[in-house]
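The sequence shown begins at -12 in my numbering and counts up one residue at a time.
Structure first, commentary second.
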Amino acid sequence: MSQSYLQEIIYGKVESYSEDRLSNIFSATFNNSEKFQKLFLKFINSKVPHGKLYSKTRVCFNDGKMKCIADILIYKNNDVKIVIENKIELELTPQQLDNYKNISELGKLEKFALVKYFFPTAEYKDWEIFQWSTLYSEIKIKLSKFLSTEKNKEQFIINQFLKHLENLN
């Protein structure tokens, strides 16, 4: 990790209530907390093995015809393993997720969307949809078992992520 947690969460200077800001905070938390990584991967039931994982945000892909910006990518050994679409205000649409089909590097990966609101009115082929509020609840419950009352870096980092989700309601 080349950047500190605090540097990473403010990188990009995006508005406090934007999807990009939440993506940055998620990524910084993922990159700086092994416990958060384990909790998150278990939450999404990922098949990606633990160890030396890291996250990047707003990665741009361009196939010559179309540009696609991935909200969050999770890597292992410099290979993308998981794609995450982040939605906190706008409705998630199948068309948005279809844009990822045009990117060959992302074809066979695990694909997840984390949303604030979800109205299952359409089929979201090859994608699993989770709500941020469910992730929040799951981490809050598991965090007490993982860290108990000890104060440490991991607890601070994860609590900052949870506070940001609380502010988003």
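Ideal Cβ positions, reconstructed from N, Cα and C, are used throughout, including at glycine.
In this text the structure is predicted, and so the values were computed from the model without any measurement.
Given residue i as reference, the closest of the options once Cα atoms are compared
{"i": "S120", "options": "T16, H151, F143, S33", "result": "H151"}
{"i": "V67", "options": "P36, Q118, N32", "result": "P36"}
{"i": "S14", "options": "E97, G94, L96, Y62", "result": "Y62"}
{"i": "K88", "options": "Y111, D7, E78", "result": "Y111"}
{"i": "F30", "options": "E153, I128, K52", "result": "I128"}
{"i": "D7", "options": "L93, L77, P81", "result": "L77"}
CA-to-CA distance, residue j to residue i, given in whole angstroms
{"i": "V46", "j": "L84", "result": "15 Å"}
{"i": "M(-12)", "j": "F148", "result": "In this predicted model, M(-12) has a pLDDT of only 39, less than 50, meaning its place in the structure is not dependable; the value taken from the coordinates is given anyway. So the two alpha carbons sit approximately 18 Å from each other."}
{"i": "S42", "j": "E153", "result": "22 Å"}
Nonlocal neighbours in the same chain, by C-beta distance under 8 Å from residue i, ignoring five residues either side
{"i": "L96", "result": "V67, K68, I69, V70"}
Secondary structure of residue i, DSSP reduced to three states
{"i": "E84", "result": "Here the sequence assigns Leu to residue 84, which means Glu is not the residue at that position. It is helical."}
{"i": "Y62", "result": "strand"}
{"i": "N89", "result": "helix"}
{"i": "Y130", "result": "First, the amino acid is wrong: residue 130 is Leu here, not Tyr. In the structure shown, L130 sits in a helix (DSSP, three-state: H, G or I)."}
{"i": "F117", "result": "strand"}
{"i": "E78", "result": "coil"}
Same chain, Cβ closer than 6 Å to residue i, neighbours up to 5 away in sequence not counted
{"i": "E72", "result": "D58, A100"}
{"i": "T44", "result": "S10, N11, S14, I59"}
Pair within 7 Å by beta-carbon distance, residue i and residue j
{"i": "L9", "j": "I116", "result": "no"}
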